[in-house]
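In terms of my numbering, the sequence shown is residues 709 to 906.
Just so you know, even glycine gets a beta-carbon here, dropped at the ideal spot from N, CA and C.
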Amino acid sequence: MFTRKKLWKWGLVLALAATASAWLYTHHKRYKHFAVHDPQMVYRSAWLEADVFRELIEDHQIRTVLNLCEPNELGADRCVAQRQAVRGSGARLIEMPMPAAKLDPADPEIAKFVEVLSNPENYPMLVHCQHGVTRTAKVLVMYDILYRHMTAEQSIAAMPLFRHNDYPVSVRAFARNFEEQYQQLYPQAAGKLDILRR
């Protein structure tokens, strides 16, 4: 039989659990797939609301937001709001759509991403796509291989899965191909960020 004291304790436990669950749900919805990839250098996320972009830019002193989404992928109003939030916070917005389809490291489009990643003035940087998973992971693999001297497998193993069992085959294939070809394709990129690591 429950006494009043036990009922009160269970009521308190349930209230605390409900409050914690509500906070976690709100935090997840607000900061969708936000994670520190390389402290004080690279952050990642899904598409965020304008006020969250402003908050993260200020909190992490982000200089550049790299948006991998197609123009108006999530609606023209959200694109305009992101532009205003990022630029209004004093950061630079680079809108560089990355196709979700299979990519070849030798594709001229990839050279554009390497160029952005090679510019020390772009750091700290926030990289995002719609969900913050597939396209974002491909860019972060390039960063890890070029500037953190990681293998493709080390890079993918270090990334959060965000409730997925694994990264898609397309991400793993791109990572392996990039690792095999980057020295031949992008020799000029090596060492470009060393100035930031001193």
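Cβ-based burial, residue i [other Cβ within 10 Å; buried from 16]
i, result
"His-857", "exposed"
"Lys-846", "buried"
"Ile-818", "buried"
"Gly-796", "exposed"
"Ala-784", "exposed"
"Ala-793", "buried"
"Ile-765", "buried"
"Gln-790", "buried"
"Leu-869", "exposed"
"Thr-772", "buried"
Close Cβ partners of residue i (< 7 Å) along its chain, the five nearest in sequence each way excluded
i, result
"Asp-746", "Arg-856"
"His-736", "Model confidence at His-736 stands at a pLDDT of 48, short of 50, so the residue's coordinates are unreliable; what they give is reported in the following sentence. Cβ within range, chain order: n/a, list empty."
"Asp-874", "none"
Proximal residues to residue i (C-beta, below 6 Å), its chain only, five neighbours per side dropped
i, result
"Phe-742", "Ser-753"
"Glu-757", "none"
Limits of the unbroken alpha helix (DSSP H) element including residue i
i, result
"Glu-766", "758 to 768"
"Tyr-667", "The chain is shown from 709 up to 906; residue 667 falls before or after that span and cannot be answered."
"Ser-797", "That residue, Ser-797, is in no alpha helix (DSSP H); it is neither H nor E in DSSP."
"Arg-884", "877 to 893"
"Leu-866", "In the sequence on display, residue 866 carries Ala and not Leu. Where Ala-866 is concerned, the enclosing alpha helix (DSSP H) stretches over 860 to 866."
Residue i, enclosing beta strand (DSSP E) - first and last residue
i, result
"Glu-829", "It is not in any beta strand (DSSP E) - Glu-829 carries neither H nor E in the DSSP assignment."
"Asn-780", "Looking at the DSSP string, Asn-780 is not in any beta strand (DSSP E), and its letter there is neither H nor E."
heavy atom of the ligand NAD below 7 Å from residue i C-beta
i, result
"Asp-746", "The ligand NAD is not part of the structure shown, which contains no ligands of any sort."
Whole-number beta carbon distance between residue j and residue i, since they are thought to touch under 8 Å
i, j, result
"Ala-865", "Glu-887", "Contact doesn't hold; Cβ gap of about 13 Å is too wide."
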